[in-house]
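Down below is the structure, laid out as structure tokens.
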Ligand SMILES: [Zn+2]
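In this note's numbering, the protein residues as written are 1169 to 1546.
Printed below as a string of structure tokens:
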């Protein structure tokens, strides 16, 4: 039933529209028109103004065409891409769609957008039954989930959400994701001339070095990781440096461990600075909260059943990364993340197999069918 040619051309058209984070407007305008032509009610919210993007989130609504009550559901994807994401030239290489190797492909997350558009076409052409469906196309997903964080969920009707935004084979369902803390550590030493009177200085870089060697970094256990990923400081070789900034993160699917390891890094920084008569300031920001949906949760059961119905072998997985689903779950809207077949995302080797692109369309329609049939899920 899927129109392969239309799907591939539609996908390529989408990736040719540049939409790196904060510059989503051209893609948003294009989508608004497409969705309206397909008969949906579409609006663009004000989130862009809050996060310095040239567009807001695009929200579309397809009213149900069945008399019976079906649970209102949401499919969500994101508009923005990482860099290098301008002037993308997609092409087919056998069964795969790839970029020319100088940019990402943008299958993350435009494969999902293309699949949704094709599914909507098929719903229209074949008069497929469906309940109320909301579509959310967020901005700024790649820059700390900013669009989703500024989306007004209270205005939406959906009771369950399917976020089409994981790599790997279609059928992979993500039900668990970690919480994530950001850390910024500033170590203040004392500057002095490095040749004339170094004894008057306190070398902030050296203090940072001691502190780093005492921190527990990397994989802590199966559900916890820590990292210091950025270090900057110092002005010249002849100056004892008086300031160093370290940036890092702690992730865990266990809130207690998240707290403990964040505190551990903070304490090491402060204690080590004190030991060398320097001073450390530590800022901690929660990036997002984790979630853990039970296999019995309706949103998980629907995702499993819909995959089985089209002959996919579904699997329930956890992830170490965050997505808009973290924001939705935190706000009380149960959301799973579904894999869409994309591979090597965030690299210039990113690709998507054409059969997987078709599978996403089939999977979306299968989810709609399961929800609409009101079938008792065992
Ligand atoms: Zn993505």
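For every residue, glycine included, the Cβ atom is placed at its ideal position computed from N, Cα and C.
For residue i, the nearest candidate out of the options (CA to CA)
i: residue 1171; options: 1494, 1302 and 1529; result: 1529
i: residue 1274; options: 1192, 1438, 1209 and 1419; result: 1192
i: residue 1304; options: 1420, 1332, 1292 and 1500; result: 1332
i: residue 1351; options: 1458, 1432 and 1258; result: 1432
i: residue 1244; options: 1255, 1257, 1229 and 1253; result: 1229
i: residue 1550; options: 1380, 1407, 1428 and 1425; result: Past the boundaries of the shown model lies residue 1550; the chain is included only from 1169 to 1546, so the question cannot be answered.
i: residue 1533; options: 1517, 1521, 1493 and 1474; result: 1474
i: residue 1424; options: 1539, 1348, 1294 and 1198; result: 1348
i: residue 1366; options: 1184, 1410, 1268 and 1439; result: 1410
i: residue 1535; options: 1491, 1467, 1517 and 1483; result: 1467
i: residue 1310; options: 1342, 1286, 1320 and 1277; result: 1277
i: residue 1250; options: 1290, 1271 and 1403; result: 1271
i: residue 1263; options: 1521, 1542, 1540 and 1537; result: 1521
i: residue 1480; options: 1268, 1525 and 1340; result: 1340
i: residue 1231; options: 1218, 1204 and 1254; result: 1204
i: residue 1404; options: 1392, 1359 and 1442; result: 1359
i: residue 1291; options: 1537, 1222 and 1542; result: 1537
i: residue 1486; options: 1507, 1495 and 1220; result: 1507
i: residue 1491; options: 1346, 1448 and 1430; result: 1346
i: residue 1503; options: 1326, 1254 and 1211; result: 1326
i: residue 1399; options: 1364, 1414, 1509 and 1323; result: 1414
i: residue 1511; options: 1497, 1321 and 1265; result: 1265
i: residue 1362; options: 1329, 1354 and 1371; result: 1371
i: residue 1422; options: 1446, 1445 and 1388; result: 1388
i: residue 1477; options: 1437, 1173, 1541 and 1212; result: 1541
i: residue 1497; options: 1342, 1308 and 1378; result: 1342
i: residue 1180; options: 1390, 1222, 1285 and 1377; result: 1285
i: residue 1444; options: 1523, 1356, 1484 and 1463; result: 1356
i: residue 1269; options: 1524, 1513 and 1523; result: 1513
Beta-bridge partners of residue i, as assigned by DSSP
i: residue 1299; result: Answer is none; residue 1299 lacks a bridge partner.
i: residue 1416; result: 1351 and 1396
i: residue 1524; result: Answer by DSSP bridge pairing: none, since residue 1524 is not bridged.
i: residue 1249; result: 1188
i: residue 1411; result: 1356
i: residue 1492; result: Residue 1492 is not bridged to any residue.
i: residue 1401; result: 1412
i: residue 1389; result: 1392
i: residue 1305; result: 1226 and 1245
i: residue 1503; result: 1329
i: residue 1459; result: 1345
i: residue 1531; result: Residue 1531 is not bridged to any residue.
i: residue 1312; result: Residue 1312 pairs with nothing; no bridge assigned.
Start and end residues, alpha helix (DSSP H) containing residue i
i: residue 1242; result: Here residue 1242 belongs to no alpha helix (DSSP H); instead the beta strand (DSSP E) covers 1241 to 1246.
i: residue 1433; result: 1423 to 1443
i: residue 1382; result: 1372 to 1382
i: residue 1548; result: Only positions 1169 to 1546 of the chain appear in this structure, which leaves residue 1548 out of reach.
i: residue 1472; result: 1466 to 1477
i: residue 1254; result: Element bounds for residue 1254: n/a, residue is neither H nor E.
i: residue 1499; result: Taken as a continuous stretch (DSSP letters only), residue 1499 belongs to no alpha helix (DSSP H), as it is neither H nor E.
i: residue 1219; result: 1215 to 1219
Start-to-end residues for the beta strand (DSSP E) that takes in residue i
i: residue 1451; result: 1447 to 1456
i: residue 1211; result: 1209 to 1212
i: residue 1511; result: Looking at the DSSP string, residue 1511 is not in any beta strand (DSSP E), and its letter there is neither H nor E.
i: residue 1170; result: Looking at the DSSP string, residue 1170 is not in any beta strand (DSSP E), and its letter there is neither H nor E.
i: residue 1230; result: 1226 to 1230
i: residue 1265; result: 1264 to 1266
i: residue 1261; result: 1259 to 1261
i: residue 1199; result: Element bounds for residue 1199: not the beta strand (DSSP E) but the alpha helix (DSSP H), 1193 to 1205.
i: residue 1484; result: 1483 to 1486
Whole-number beta carbon distance between residue j and residue i, since they are thought to touch under 8 Å
i: residue 1319; j: residue 1225; result: 5 Å
i: residue 1482; j: residue 1471; result: 7 Å
i: residue 1375; j: residue 1440; result: 6 Å
i: residue 1386; j: residue 1394; result: 7 Å
i: residue 1246; j: residue 1315; result: 7 Å
i: residue 1449; j: residue 1354; result: 5 Å
i: residue 1241; j: residue 1301; result: 6 Å
i: residue 1233; j: residue 1297; result: 6 Å
i: residue 1527; j: residue 1509; result: 6 Å
i: residue 1495; j: residue 1313; result: 5 Å
i: residue 1187; j: residue 1308; result: The Cβ separation is near 11 Å, so there is no contact.
Inset, instruction - Enumerate, from N- to C-terminal direction, the unbroken beta strand (DSSP E) stretches of 3 or more residues contained entirely within the segment 1320 to 1344. - result: With a minimum length of 3 residues, the continuous beta strand (DSSP E) runs that stay inside the segment 1320 to 1344 are 1328 to 1334.
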